[in-house]
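Input: a single structure, listed below in structure tokens.
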Amino acid sequence: IVLFAHGSGSSRHSARNLEVAAFLNRSGIGTLLFDLLSEEEAHAQEKVFDIPLLASRLALATRWLSARKSTQDLPLGYFGASTGGGAALWAAAELGDQITAVVSRGGRPDLAMARLKEVSSATLLLVGGRDDLVLKLNQKALSRLSSGKLSIIPGATHLFEEPGALASVATQAKDWFLANFNSARGSLPRLEKIRLRI
6 IVLFAHGSGS
16 SRHSARNLEV
26 AAFLNRSGIG
36 TLLFDLLSEE
46 EAHAQEKVFD
56 IPLLASRLAL
66 ATRWLSARKS
76 TQDLPLGYFG
86 ASTGGGAALW
96 AAAELGDQIT
106 AVVSRGGRPD
116 LAMARLKEVS
126 SATLLLVGGR
136 DDLVLKLNQK
146 ALSRLSSGKL
156 SIIPGATHLF
166 EEPGALASVA
176 TQAKDWFLAN
186 FNSARGSLPR
196 LEKIRLRI
């Protein structure tokens with residue numbers, strides 16, 4: 006199962022994250038999208054960029070998922086976008102080997118720079134080739150990750166709005182999660198469809 010951490014100014018309704026989640030679902034990967042902040046908190050700038058707070062919410066959702074009988078044995082991953090990428094890496098540092106893999110889309114790993122050396126999860130940093138500032142930040146962060154890979158999507162800007170850019174993100178994310186989930190567990194069992202109510 007992949008838990009999504011949305012970026013600043015976004016929510017569980019992020020069209021881009023929903024598109025990636027749907028693609029992962031069609032590949033047999035479960036997804037959980039939720040709001041990291043309440044409606045009131047989402048209007049407070051200091052909360053939106055409070056990476057330790059966002060990471061603590063993500064970790065709380067992870068522990069909730071891990072405690073459920075129907076999902077407790079499944080490998081877990083994070084998909085973070087923008088500031089959510091920083092929150093995902095911070096939470097992965099907190100939870101250690103509970104998180105098998107992380108994918109960051111146009112993420113801000115620099116916001117979790119102090120914790121990057123503690124991240125043991127296999128991490129894929131996806132950045133648009135025309136997203137100059139974020140690319141530099143990701144290149145710097147890559148050197149601190151023990152198991153990281155940077156993939157640059159040619160011609161893409163920060164929001165991956167160019168034709169084919171988001172499809173490339175979804176495909177690379179799917180391949181990354183499946184490879185690392187299967188490596189962690191040998192081979193995944195065939196599971197019945199699980200519907201969770203929160």
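Numbering-wise (the numbering used here), the sequence shown opens with residue 6 and increments by one. Using N, Cα and C, we set each Cβ at its ideal position, and we do this for glycine too.
Are the Cβ atoms of A156 and L138 separated by less than 8 Å?
Sequence check: residue 156 is Ser here, not Ala. In this structure, L138 does not lie closer than 8 Å to S156 by Cβ.
Three Cβ pairs or more, each shorter than 8 Å: is that satisfied between the segment 93-107 and the segment 58-68?
yes
Could you pull out every residue in the same chain whose Cβ sits closer than 6 Å to the Cβ of R149, ignoring the five residues on either side in sequence?
Within its own chain, the residues whose Cβ lies closer than 6 Å to the Cβ of R149, once the five positions on either side in sequence are excluded, are L121, K122, listed in chain order.
Give a yes or no on whether the C-beta atoms belonging to V108 and L94 are separated by under 8 Å.
no
In terms of residues, what are the limits of the alpha helix (DSSP H) holding G91?
88-100
Output the distance between the C-alpha atoms of A189 and T76, rounded to the nearest integer angstrom.
Approximately 16 Å, taken between the alpha carbons.
What is the C-beta distance between E167 and A161, in whole angstroms, given that I count them as a contact (C-beta under 8 Å)?
5 Å
So what's A184 in DSSP terms, helix, strand or just coil?
helix
Put K74 into one of helix, strand or coil per three-state DSSP.
In the structure shown, the three-state DSSP call for K74 is coil.
Start and end of the alpha helix (DSSP H) containing A26?
Judged by DSSP secondary structure, A26 falls within the alpha helix (DSSP H) whose first and last residues are 20-31.
Determine whether the beta carbon atoms of G111 and S87 lie at a separation below 8 Å.
yes
Own chain residues within Cβ distance below 8 Å of N22, not counting five before or after:
F9, H11, S15, L38, F84, A86
Starting from K52, trace the alpha helix (DSSP H) in both directions and tell me its first and last residue.
50-53
Between which two residues does the beta strand (DSSP E) holding L37 run?
In the DSSP assignment, L37 falls within the unbroken beta strand (DSSP E) covering 36-38.
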